[in-house]
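In terms of our numbering, the sequence shown opens at residue 178 and continues consecutively. We put the CB at the ideal spot given by N, CA and C, even for glycine.
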Amino acid sequence: MVKAIVGACWGDEGKGKITDMLASNADIVIRFQGGSNAGHTIINDYGKFALHQMPSGVFNENTVNIIGPGVAFNIPYFIKEMNYLKENGIKNPKVLISDRVQLLMPYHILLDTYEEARLADKKYGSTKSGIAPFYSDKYAKTGIQICHLFNEEILRERIEAACEIKNVLIEHLYHMPKLNPEEIFNEVIQYRDLIAPYIINTTEYLNKAVKEGKNILLEGQLGALKDPDHGIFPMTTSSSTLAGFGSIGAGLPAHSIEKVYTVAKAYSSAVGEGAFVSEIFGDEAQELRLRGGDAGEFGATTGRPRRMGWFDCVATRYGCMLQGTTDVAFTAIDVLGYLDEIPVCVGYEIDGEVTKEFPVTPLLEKAKPVYKVLPGWKCDIRGISKYEDLPENARNYVEFIEKELGFPITIVSNGPKRNEIIFR
Ligand code: GDP
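Here it is as structure tokens:
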């Protein structure tokens with residue numbers, strides 16, 4: 178059975194925890210898109226971990242973790258994370274890398290950094306991990322596949338071709354030192370022997386595993402609203418964040434995904450620029466930020482404070498729809514226990530009209546939140562393991578939101594730890 182775990186909105190919904198939980202009985206966990214530009218926080222028996230590129234099944238001895246062809250694969254980052262895991266007690270993480278995955282090259286990071294600097298106050302809020310230049314190269318067919326490492330002639334040729342184009346931009350637009358293809362070649366080739374043992378044809382491996390009825394988990398990064406086609410373009414990421422893309426980015430049959438767990442957090446947070454309708458500011462936001470997550474809402478990759486807001490039913494319903502949700506995992510509800518009243522955004526007012534449909538970006542910029550205010554429960558609900566034992570107002574909060582979304586909330590997470598979970 179293939180399951181996907183994906184985000185409903187802007188990311189940071191707590192996918193890492195839900196994946197870690199579901200990964201404990203998964204045979205295979207796959208990353209199918211994105212790269213080291215976002216992070217998961219996982220707290221388990223080994224301690225607290227921030228993972229960026231590594232699939233979340235690495236903590237289980239029996240789980241095979243796959244980097245699918247859809248990922249922007251950063252080799253030095255992979256080696257860094259592998260060492261980080263080993264230094265922290267995970268002796269032998271089982272990882273396989275697709276022989277078709279493309280490489281995030283040093284110049285992708287440079288170009289991302291130069292472009293953000295050039296855009297100055299018009300910037301996208303990129304994490305400067307090179308993701309946009311990477312996917313641009315992939316679709317312009319100037320990217321480099323990991324298999325090219327094993328053919329020096331092709332590798333050299335492709336690096337030279339990529340540098341030729343990039344050097345025009347670097348010299349004339351960014352006014353920075355030109356790339357030296359030979360240096361880049363030498364830098365990349367040094368990783369070849371280190372990475373070779375992990376590389377296989379993961380697509381054959383996965384399709385066989387599906388036939389054998391293995392338990393397979395697709396691990397999404399970011400959330401539906403960051404999808405380049407369906408999200409808040411252009412404040413999106415550069416690869417699809419949708420469960421449907423899991424089949425492509427992993428190399429699985431389109432019909433194989435049976436369950437889609439969409440993770441939605443009980444309040445909103447976002448990073449980067451762009452419209453965020455239910456955003457709150459000042460002390461109100463700071464209080465939620467400090468109480469949020471396991472140690473405040475600060476980026477797992479960048480450490481930067483996340484933008485905060487109330488739960489947004491319009492955005493989340495849209496996100497759940499895009500994901501093809503079968504189950505909603507509703508996280509971090511414990512965080513809201515300090516509030517007397519909890520506003521929930523149930524509609525957007527645009528040019529005097531109220532809508533529940535998530536609009537295109539120019540209209541989104543104009544949208545004002547329509548709130549319904551629900552009573553709080555004013556107590557700590559961590560440690561509760563049965564849904565019936567939650568305070569009535571907490572249950573009402575879950576059920577109100579479930580109705581607005583139109584998708585079943587089957588998992589409620591009431592704390593960052595693996596066992597702080599309620600199944601409905
Ligand atoms: P991801 O990228 O979707 O995995 O999200 P992050 O890991 O960046 O952010 C989620 C944060 O919320 C992390 O700090 C988690 O440890 C934390 N978290 C996850 N579930 C819960 C929960 O139910 N309650 C609380 N308080 N924190 C949670």
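- Two segments are said to touch when three or more pairs of C-beta atoms, one from each, lie closer than 8 Å; by this definition the segment 530 to 548 touches the segment 446 to 465.
- For D289, no beta strand (DSSP E) encloses it; the enclosing alpha helix (DSSP H) starts and ends at 283 to 296.
- Nearest C-alpha to N344 among E330, T379, R572, L287: L287.
- Its Cα nearest to that of G529, the residue K545 stands out among C522, D276, K545.
- In this structure, R481 sits near V448, with a CB-CB distance shorter than 8 Å.
- If you draw a straight line from the Cα of A509 to the Cα of Y438, it comes to about 16 Å.
- Three or more Cβ pairs closer than 8 Å define a contact, and the segment 542 to 556 falls short of that threshold against the segment 496 to 508.
- For I267, the closest alpha carbon among the candidates N221, P593, G211 is that of N221.
- Bridge partners of Q322 according to DSSP: Q279.
- Every alpha helix (DSSP H) of 4 residues or more that sits fully in the segment 196 to 274 is shown, in chain order, as 252 to 264.
- Counting along the chain, M498 sits inside the alpha helix (DSSP H) bounded by residues 490 to 500.
- Within 7 Å of the C-beta of K192 there is at least one heavy atom belonging to the ligand GDP.
- Residue state for I393 is assigned as strand, using DSSP reduced to three classes.
- In the structure shown, the three-state DSSP call for T439 is strand.
- Boundaries for C556: no beta strand (DSSP E) harbours it, and the DSSP string shows neither H nor E there.
- Taking the Cβ of G470 as the reference point, at least one heavy atom of the ligand GDP falls within a distance shorter than 7 Å.
- Boundaries of the beta strand (DSSP E) around V521: 518 to 527.
- For I599 and Y564, the gap between their C-alpha atoms comes out near 6 Å.
- Contact between G234 and T240 holds: their C-beta atoms lie close to 4 Å from each other, under 8 Å.
- By the Cβ-count criterion, M178 is exposed, with fewer than 16 other Cβ atoms from all chains shown falling within 10 Å of its own Cβ.
- Closest by C-alpha distance to E329, out of G307, K355, I361, is I361.
- C186 and G476 have their alpha carbons spaced roughly 16 Å apart.
- The closest heavy atom of the ligand GDP lies 7 Å or more from the beta carbon of D222.
- Pairwise C-beta distances place the segment 196 to 204 in contact with the segment 394 to 405, as three or more of them are shorter than 8 Å.
- The segment 312 to 321 makes no contact with the segment 255 to 269, as fewer than three CB pairs between them are under 8 Å.
- Inclusion of D189 in the 7 Å shell around the ligand GDP follows from its C-beta lying nearer than that to a non-hydrogen atom of the ligand.
- Excluding five sequence positions before and after I243, the CB atoms of its chain that fall closer than 8 Å to its own CB belong to I205, V206, I207, R208, P232, V272, L273, I274, S275, T379, Y382, L383, A427, given in chain order.
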